[in-house]
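Trainee: This is the structure, below, for whatever I ask next.
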Amino acid sequence: KEESPKDVIKGKAISSYVNVELYLPGCPYDPEELFQALIDLAKGTVPAGKDYPVCLECKLNEYECVLVKKGVVCLGPVTLGGCNAACIRSGVGCIGCRGPLPKDANFASEVEILRELGYSEDYIKKRMSLFSKDQWR
85 KEESPKDVIK GKAISSYVNV ELYLPGCPYD PEELFQALID LAKGTVPAGK DYPVCLECKL
145 NEYECVLVKK GVVCLGPVTL GGCNAACIRS GVGCIGCRGP LPKDANFASE VEILRELGYS
205 EDYIKKRMSL FSKDQWR
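The numbers in the working numbering rise by one with no breaks, and the one at position 73 of the sequence shown is 157.
Written out as structure tokens, the structure is:
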């Protein structure tokens, strides 16, 4: 059996190789957020990060909660905001690409809601581990 590169090379965070002073969350990051970070850095100030969940952006945009109303997996309650609820705007639940909230993320509540909606433990683990690794446990 021939090995593929993904079997041989294990991915690591860039911080495993170099000192990282600033992270821009997202996949992809928000261009306006990058522009503001560059302006702040040019002024000699530390860019201010977001500290609220994607759910807040859904409420501000008056989007229906897909987790509560439709039973769709949505990681918005535990995911760092700043994307203007892009996934929900596109008709799907938040995939968590901006990473978990830096503090106060209630992973236990999110897991309980997903269990109550009938999602399996393996499925929940897979979805929540995509961008947050083991932080949700």
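Quick reminder that beta carbons are idealized off the backbone N, C-alpha and C, glycines included.
With a CB to CB cut of under 6 Å and the five nearest residues on each side skipped, what residues in its chain are close to N103?
Mentor: None.
Trainee: Pull the bridge partners of T129 from the DSSP assignment, please.
Mentor: In the DSSP output, where bridge partners are listed per residue, T129 has none listed.
Trainee: Kindly indicate which residue of D188, S100, E117 and K153 has the alpha-carbon position closest to the one of G175.
Mentor: Of D188, S100, E117 and K153, the residue nearest in Cα terms is K153.
Trainee: Between which two residues does the alpha helix (DSSP H) containing Y207 stretch?
Mentor: Where Y207 is concerned, the enclosing alpha helix (DSSP H) stretches over E205 to S216.
Trainee: Under three-state DSSP, which class holds L164?
Mentor: L164 falls in the strand class under three-state DSSP.
Trainee: Ends of the alpha helix (DSSP H) at A170?
Mentor: Residues A170 to R173.
Trainee: From S100 to K94, what distance separates their C-alpha atoms?
Mentor: C-alpha separation (whole angstroms): 12 Å.
Trainee: Rounding to the nearest angstrom, what Cα-Cα distance links G180 and A97 in this structure?
Mentor: Each residue's alpha carbon lies about 17 Å from the other.
Trainee: Looking at the strands, I want to know which residues DSSP matches up with P112.
Mentor: BP columns for P112 are empty, so no partner.
Trainee: Would you kindly check if the distance between the Cβ of P161 and the Cβ of P137 is under 8 Å?
Mentor: It is a contact, given that the beta carbons lie within the stated cut-off.
Trainee: Tell me P184's beta-bridge partners as DSSP assigns them.
Mentor: BP columns for P184 point to T163.
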